[in-house]
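Scroll down for the structure; my scribbles are underneath it.
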Amino acid sequence: MIENLEYDALLEKFKKVLKDNGLKYTQQREILLKTLYNNDEHFTPEKLYLFIKDAHPELNIGIATVYRTLNLLEESEMVTSISFGSQGKKFELATKPHHDHMICRRCGTIIEFEDSMIEKRQSNIAKEYGFKLTGHMMQLYGICKECNKKV
Numbered sequence: 003m004i005e006n007l008e009y010d011a012l013l014e015k016f017k018k019v020l021k022d023n024g025l026k027y028t029q030q031r032e033i034l035l036k037t038l039y040n041n042d043e044h045f046t047p048e049k050l051y052l053f054i055k056d057a058h059p060e061l062n063i064g065i066a067t068v069y070r071t072l073n074l075l076e077e078s079e080m081v082t083s084i085s086f087g088s089q090g091k092k093f094e095l096a097t098k099p100h101h102d103h104m105i106c107r108r109c110g111t112i113i114e115f116e117d118s119m120i121e122k123r124q125s126n127i128a129k130e131y132g133f134k135l136t137g138h139m140m141q142l143y144g145i146c147k148e149c150n151k152k153v
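Numbering (this note's numbering), first residue to last: 3 to 153.
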C-alpha cells in the first residue's frame, strides 16, 4: 500500500510518543500502527497479535509488546477502546471521524453509526447545563440482526 500524508503524520506523532515515553521505535511497533491504520476492524490485543503474526510471519513480535503499545497509544489518544468487561477491550485508531457504536451482547459484533440529530441533541444538553463538551463515546448494547434471526 502506498504511504500517504495522513499515515506519515500519524507515524511521526507515534515516534514522538515513543521517544517521550523512553521507548524505542521498532519495526514491530510500526507494523502494529500500520495494521490498525489499514484495517477498519476493532481488534482485541490477542486478535491484533495473531493478525500481525499471520501477515508477517518473519516478524518477531510478542504479545506483551502489543499490550504495551496499545496502552501507550490509548494513553496518548491515538487509539480508542471499547470495554467488554471480563472479555477485555477492543481497539481502533482514533483518526476516524467521530462515530458511535452498537454492540451485540451475543456475538460481539460492533456496528459503527453516525447520527447528526443525536450529536446536536448532546450539544444542546451540554449547553443547557453549562457544560463544555470536549468529546463523548456512545455505546448502545443489544442483539444484532443476525443473532435475532437465530432466536
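Just so it is clear, CB atoms sit at the ideal spot from N, CA and C, and this is done for glycine as well.
Bear in mind that the values here come from a model prediction, so they are computed numbers and not experimental data.
Below 8 Å between beta carbons: does that hold for residue i and residue j?
i: residue 77; j: residue 83; result: no
i: residue 20; j: residue 27; result: yes
i: residue 44; j: residue 94; result: yes
i: residue 145; j: residue 106; result: yes
Keeping to the same chain, check which residues put their C-beta closer than 6 Å to that of residue i; ignore five residues upstream and five downstream.
i: residue 90; result: 46
i: residue 25; result: none
In this structure, what does DSSP give as the bridge partners for residue i?
i: residue 82; result: 94
i: residue 144; result: 106
i: residue 114; result: 103
Could you check which residue in the options has the C-alpha nearest to that of residue i?
i: residue 18; options: 119, 80, 120 and 139; result: 80
i: residue 11; options: 97, 134, 104 and 101; result: 97
i: residue 123; options: 140, 111 and 109; result: 140
Output needed for residue i: all residues of its chain with C-beta closer than 7 Å, excluding positions within five of it in sequence on either side, in chain order.
i: residue 132; result: none
Which residues in the same chain as residue i place their Cβ atom closer than 8 Å to its Cβ, once the five residues preceding and following it in sequence are excluded?
i: residue 74; result: 19, 20, 23 and 25
i: residue 3; result: With a pLDDT of only 47 at residue 3, under the threshold of 50, the placement of this residue in the model should not be trusted, and no figure is reported.
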